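The sequence shown begins at 14 in our numbering and counts up one residue at a time.
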Amino acid sequence: MKTQVKVKKTGRSIIIRAKISAVIITVLLALLATRLANLQLIDSQGLKNDALEQYSHEIKIEAKRGIIYDRNLKPLAYSATVYNVYVTPNNIKDEAQLLFVADGLSVILNIDKSIIITKLQKKTSKYQIIKKSIEDSEEIQVRTYITKNNLIGIINLEETTKRYYPYSELASQIIGFTGTDNNGLAGIELTYDEYLKGTNGRAIKATDARGNDLPFKYESFIEAQDGLNVVTTIDYTIQSVLEKYLLQAYQDNKPRGAAKGIVMDVNTGEILASAIYPNFDLNNYYKLNTYYQAQLDAFSGTDEEKKIFKSNLLYRMWDNSIVSKTYEPGSTFKMITSSAALEEGVIKDGVDTFVCHTMNVSGKSIHCHSHRSHGTQYFTDAIRNSCNPAFVQIGLKTGTDIFMQYFSEFGYTKPSESDIIGEAKSIYFETTNTQFKELELAVYSFGQTFKVTPIQHLRAVSTVANGGDLITPHVVKALVDNNGNTVKTFEFKTEKEIISQETSSIILKALTNSAKNACVNGYNVVSKTGTSEIRDTEIENDYISSCITFAPAEDPQIAIIVMVEEPTAGPYYGSLVAAPVISSVLGEVLPYLGFEPTYPESENITLESYIGAGVEESKTVLKGLGINCIVKGNGNIITNQMPAVGTILTKDGVVVLYTDDTEVENTVLVPNVLLFTPSAANKTIINNNLNISIKGIFNGDFTNCTVTSQYPVAGEQVAPGTVIEVEYRYNEKIE
């Protein structure tokens with residue numbers, strides 16, 4: 014009986030265990046099914062991505078940045094193809110190959126070998142940059158090294174672009190530059206970056222188990238969209254001329270600050286040129302120019318302090334102070350004071366008079382810059398004389414409300430809305446400010462104790478030039494594609510009739526040829542000089558010399574402002590420092606733009622060839638032209654002459670004729686005529702059998718001027734008849 018009972022219990026236990034096992038198996042199968050479903054339905058994309066990442070890699074297809082053109086489609090900035098060198102460490106076979114690759118690249122690319130080894134030791138990496146933006150010579154060497162040593166897939170080249178500026182320093186603060194990522198960092202490159210940079214494309218490329226690219230196996234491909242090209246308002250030729258003479262002004266006047274200028278179309282606001290000297294090399298913008306490097310060399314401090322100081326110097330070098338720096342405009346602002354008073358009928362030209370005398374306003378004495386009183390003046394004389402007491406009288410007569418109304422309407426209380434980035438706010442008293450009293454109005458009237466930017470001021474005074482419209486200065490005209498099609502043009506606001514044509518005409522007439530050193534032979538121009546004191550400095554008698562000119566006077570088309578900050582070489586009046594720069598610039602720019610001279614320049618003679626002609630015949634011809642003739646030798650036929658054919662001579666010039674039995678005389682010593690009067694300089698040069706070429710004399714007016722430079726310089730030995738270029742400057746001390 015007992016045996017039978019035992020058998021029954023064992024059978025039931027087996028059945029129970031079987032059922033439990035079945036349940037467990039069912040649960041496991043259910044879990045497996047759930048996981049499979051999860052993998053297929055939910056995690057499939059993630060697994061695909063993991064597989065894609067393992068057996069593919071993404072290649073960036075870089076968009077080509079647009080070209081920056083001048084107004085005549087001369088490239089000022091463009092991008093060209095260069096290459097980045099990168100390595101794929103997970104394709105390195107062994108330590109020997111790693112060292113071989115490091116050795117080769119360090120020699121070709123001139124990079125420390127240890128740096129390359131560190132990157133090659135990142136075994137799991139597929140992409141380690143060794144050097145960016147290599148050019149032709151290095152690229153050829155790298156390609157040869159890869160091919161020769163079967164290093165495909167280990168050393169790689171990827172195409173990219175590099176920004177080039179073909180004229181280096183030209184318009185550097187206006188054009189700006191890009192960073193290593195090809196994004197704009199300054200100037201037009203930054204302002205119009207969204208149009209210039211384009212959109213990068215990409216390609217997902219399949220690879221084998223070792224990470225080698227499989228040919229033509231792209232999972233996806235998105236084409237890059239190249240950037241648009243920017244057509245600026247800048248004229249390369251005018252920009253070059255402006256920069257040439259600003260450099261000369263900088264060298265002549267040795268300013269503590271900068272020499273800067275703008276040339277603008279007074280009707281459209283298009284900036285034809287804008288320059289600041291010292292400038293910098295756009296192709297090497299992290300290198301300090303000579304001016305700032307000297308400051309860095311003189312700096313004493315820790316390495317960290319020197320690093321910070323250099324960084325600050327770089328920012329100052331890149332800064333476009335045409336828009337970012339404010340200054341007191343000085344007497345050039347008298348055009349604005351005049352506009353308000355004339356427009357409102359507060360004064361009438363030819364009727365109201367103004368006495369030049371020391372004025373006491375709220376306990377402060379205001380003097381005229383002239384040591385000799387201008388006496389009683391009508392408006393025209395007052396503005397030509399730049400008489401401060403007269404303009405105090407005009408300002409006080411105008412009154413605070415009207416004065417500040419026009420101050421605002423001429424755009425001084427808000428940014429110019431120019432497309433030049435980084436414009437500073439002007440600094441002035443609001444009319445509601447209780448500190449703006451009679452004294453403040455008095456000194457505002459002649460352009461002191463408030464600050465505006467140069468671009469803001471040129472915009473305002475150009476309203477006088479164009480007949481009353483407040484235009485918006487700008488440096489970009491349009492966007493074009495690579496086929497030359499215009500994609501977008503830019504419209505800039507013009508505020509109409511700030512003043513009337515009548516008011517404009519009165520001021521233009523009064524200031525025509527008023528600053529002799531700014532005048533241009535053959536043309537009439539409108540000029541107002543300025544000499545503004547710098548008040549926020551510890552240096553006494555520190556000034557900004559400036560001049561603004563409109564040309565041609567009969568129908569102004571362009572405005573130019575030139576400023577020299579803190580000149581130290583002697584004179585500081587705007588009439589002596591800035592005005593001559595404008596004369597030189599316009600002397601080249603006006604003919605270039607096609608403006609015909611209003612009247613003929615003084616008669617000069619272009620020397621013809623007398624070689625082969627008879628002596629007596631040639632003497633007769635030259636005498637008839639008013640040219641002195643010196644014959645060397647006893648022959649009857651001329652074999653040589655000095656100066657050469659095509660030389661331009663003034664009347665009373667000298668020609669040396671050589672005959673067949675003489676040799677050309679060797680040399681004569683150039684005399685020193687610096688600071689000579691015109692008659693003394695001319696006599697000295699002619700008496701030394703040399704010729705004179707005159708610069709700086711307007712309309713034959715030789716009064717009150719002296720020689721400021723000559724070339725060749727005194728003491729040089731030159732051939733007889735050589736032309737000595739002499740520059741005169743009128744001794745006008747007008748603020």
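The beta-carbon is built from N, C-alpha and C at its ideal position, and this holds for glycine as well.
Just so we're clear, the structure is a prediction, and the values are computed from it rather than from any experiment.
Nearest to residue 96 by CA position, among 323, 334 and 176, is which residue? Along the sequence shown, read from residue 1 onward, the residue named residue 96 stands at position 83. Of the listed residues, the one whose Cα sits closest to residue 96 is 176.
Suppose the cutoff is 6 Å on Cβ atoms and the five residues either side in sequence are ignored; what does the same chain contact list for residue 655 look like? One-based indexing of the sequence shown puts residue 655 at position 642. Same-chain partners within the cutoff: 669, 732, 733 and 734.
By the three-class DSSP mapping on this structure, what secondary structure does residue 274 have? Numbered from 1 along the sequence shown, position 261 holds the residue referred to as residue 274. Here residue 274 carries a strand assignment [DSSP, helix/strand/coil].
Confirm, please, whether the CB-CB distance from residue 103 to residue 139 is below 8 Å. As a position in the sequence shown, residue 139 is number 126, starting the count at 1. As a position in the sequence shown, residue 103 is number 90, starting the count at 1. Against a cut-off of 8 Å, the Cβ pair of residue 103 and residue 139 comes out as a contact.
Using DSSP bridges, identify the partner residues of residue 82. Locating residue 82 in the sequence shown gives position 69, counting from the first residue. In DSSP, residue 82 forms a bridge with 88 and 244.
Return the CA-CA distance between residue 192 and residue 741, expressed in angstroms with no decimal places. To locate residue 192, count along the sequence shown from 1; it is residue 179. To locate residue 741, count along the sequence shown from 1; it is residue 728. Cα to Cα, residue 192 sits roughly 46 Å from residue 741.
Assign residue 312 to buried or exposed, taking buried as 16 or more other Cβ atoms, counted over all protein chains shown, within 10 Å of its Cβ. Here residue 312 refers to the residue found at position 299 when the sequence shown is read from its first residue. Result: exposed.
Buried/exposed call for residue 179, threshold 16 Cβ in 10 Å: Numbered from its first residue, the sequence shown carries residue 179 at position 166. Exposed.
Whose CA, out of 473, 521 and 539, lies closest to the CA of residue 508? The residue labelled residue 508 in the question sits at position 495 within the sequence shown. Of the candidates 473, 521 and 539, the one whose C-alpha sits nearest the C-alpha of residue 508 is 473.
Quick check: the stretch 681 to 693 against the stretch 571 to 590, are there 3 or more CB pairs under 8 Å? Between the stretch 681 to 693 and the stretch 571 to 590 there are fewer than three inter-stretch CB-CB distances shorter than 8 Å, so the stretches are not counted as touching.
Examine the Cβ distances between the stretch 520 to 536 and the stretch 238 to 252 and report whether three or more of them are shorter than 8 Å. no
Who are the Cβ neighbours of residue 725 in its own chain at under 7 Å, not counting the five residues just before and after it? Along the sequence shown, one-based indexing puts residue 725 at 712. Result list for residue 725: 683, 731 and 737, in chain order.
What number of angstroms, rounded off, separates the C-alpha of residue 661 from the C-alpha of residue 620? Sequence index remark: in the sequence shown, residue 661 carries index 648 (1-based). Sequence index remark: in the sequence shown, residue 620 carries index 607 (1-based). Taking the straight line joining both Cα atoms gives about 6 Å.
Buried or exposed: residue 380, going by 16 or more other Cβ atoms within 10 Å of its Cβ? Against the sequence shown, residue 380 aligns to sequence position 367. Exposed.
Leaving out five residues before and five after residue 119 in sequence, what residues of the same chain have Cβ atoms less than 6 Å from its Cβ? By 1-based counting over the sequence shown, the position of residue 119 is 106. Excluding five sequence positions before and after residue 119, the CB atoms of its chain that fall closer than 6 Å to its own CB belong to 126 and 129, given in chain order.
Between which residues of its own chain and residue 431 is the CB-CB distance below 7 Å, once the five residues before and five after are set aside? Within the sequence shown, the letter at position 418 stands for residue 431. The answer, listed in chain order, is 336, 468, 485, 486 and 487.
Between residue 214 and the rest of its own chain, which residues show a CB-CB distance below 6 Å, the 5 nearest in sequence each way excluded? Locating residue 214 in the sequence shown gives position 201, counting from the first residue. Result list for residue 214: 74, 235, 236 and 237, in chain order.
Taking Cβ positions, are residue 378 and residue 344 nearer each other than 8 Å? Counted from its first residue, the sequence shown places residue 378 at position 365. Counted from its first residue, the sequence shown places residue 344 at position 331. Cβ atoms of residue 378 and residue 344: not closer than 8 Å.
Write down every uninterrupted run of the alpha helix (DSSP H) in the stretch 250 to 325 whose length is 4 residues or greater and which is fully enclosed by it, in chain order. 303 to 311
Just how far apart, CA to CA, sit residue 79 and residue 149? Here residue 79 is taken as the residue at index 66 of the sequence shown, counted from 1. Here residue 149 is taken as the residue at index 136 of the sequence shown, counted from 1. C-alpha separation (whole angstroms): 22 Å.
In whole angstroms, give me the CA-to-CA distance for residue 15 and residue 45. Mapped onto the sequence shown, residue 15 falls at position 2. Mapped onto the sequence shown, residue 45 falls at position 32. Because the pLDDT at residue 15 is just 45, under 50, the model does not fix this residue reliably, and the value given afterwards should be weighed accordingly. If I take the Cα positions, the gap works out to 46 Å.
If we ignore side chains and look at the alpha-carbon of each, how far apart do residue 101 and residue 257 end up? Counting from 1 along the sequence shown, the entry for residue 101 is found at position 88. Counting from 1 along the sequence shown, the entry for residue 257 is found at position 244. So the two alpha carbons sit approximately 51 Å from each other.
Decide if residue 347 is buried, meaning its Cβ has at least 16 other Cβ atoms within 10 Å, or exposed. Reading the sequence shown from its first residue, position 334 is the one you call residue 347. Residue 347 comes out buried.
Name the DSSP bridge partner or partners of residue 389? Counting from 1 along the sequence shown, the entry for residue 389 is found at position 376. In the DSSP output, where bridge partners are listed per residue, residue 389 has 368.
What number of angstroms, rounded off, separates the C-alpha of residue 89 from the C-alpha of residue 188? As a working note, residue 89 is residue 76 in the sequence shown. As a working note, residue 188 is residue 175 in the sequence shown. For residue 89 and residue 188, the distance between alpha carbons rounds to 8 Å.
Look at the Cβ atom of residue 397, then the Cβ atom of residue 245, and state whether they are nearer than 8 Å. Reading the sequence shown from its first residue, position 384 is the one you call residue 397. Reading the sequence shown from its first residue, position 232 is the one you call residue 245. Not in contact: residue 397 and residue 245 (Cβ atoms no closer than 8 Å).
Residue 170 to residue 72 span [Cα, whole Å]: Within the sequence shown, residue 170 is the residue found at index 157, counting from 1. Within the sequence shown, residue 72 is the residue found at index 59, counting from 1. Taking the straight line joining both Cα atoms gives about 12 Å.
For a quick check, are the C-beta atoms of residue 466 and residue 338 less than 8 Å apart? Taking the sequence shown and counting its residues from 1, the one referred to as residue 466 is at position 453. Taking the sequence shown and counting its residues from 1, the one referred to as residue 338 is at position 325. Residue 338 sits close to residue 466, with the two beta carbons spaced by under 8 Å.
Go ahead and label residue 770 buried or exposed: buried means 16 or more other beta carbons lie within 10 angstroms of its beta carbon, across all protein chains shown. Here the chain comprises residues numbered 14 to 748, so residue 770 is not present and cannot be evaluated.
Using CA atoms only, rank isn't needed, just tell me which of 279, 393 and 689 is closest to residue 756. Nothing can be reported for residue 756, as the shown portion of the chain is limited to 14 through 748.
Which residues in the same chain as residue 743 place their Cβ atom closer than 7 Å to its Cβ, once the five residues preceding and following it in sequence are excluded? Locating residue 743 in the sequence shown gives position 730, where the first residue counts as 1. Answer for residue 743: 529, 530, 717 and 718, listed in chain order.
Is it buried or exposed for residue 456, if we count other Cβ within 10 angstroms and need 16 for buried? Taking the sequence shown and counting its residues from 1, one reaches residue 456 at position 443. Buried: at least 16 other Cβ atoms inside 10 Å.
Please work out which residues of its chain come closer than 6 Å, Cβ to Cβ, to residue 357, disregarding the five sequence neighbours upstream and downstream, and give them in chain order. Indexing the sequence shown from 1 puts residue 357 at position 344. Within the same chain, residue 357 has close Cβ partners 415.
Considering only C-alpha positions, which residue in the set 159, 77, 667 and 42 is nearest to residue 99? Counting from one through the sequence shown, the residue named residue 99 turns up at place 86. Measuring from the Cα of residue 99, the nearest candidate turns out to be 159.
For residue 572, which beta-bridge partners are listed by DSSP? The residue labelled residue 572 in the question sits at position 559 within the sequence shown. Note: residue 572 sits in a beta bridge opposite 277 and 563.
Determine the direct distance from the alpha carbon of residue 174 to that of residue 464, and round the result to whole angstroms. Counted from its first residue, the sequence shown places residue 464 at position 451. Counted from its first residue, the sequence shown places residue 174 at position 161. Roughly 43 Å between the two C-alpha positions.
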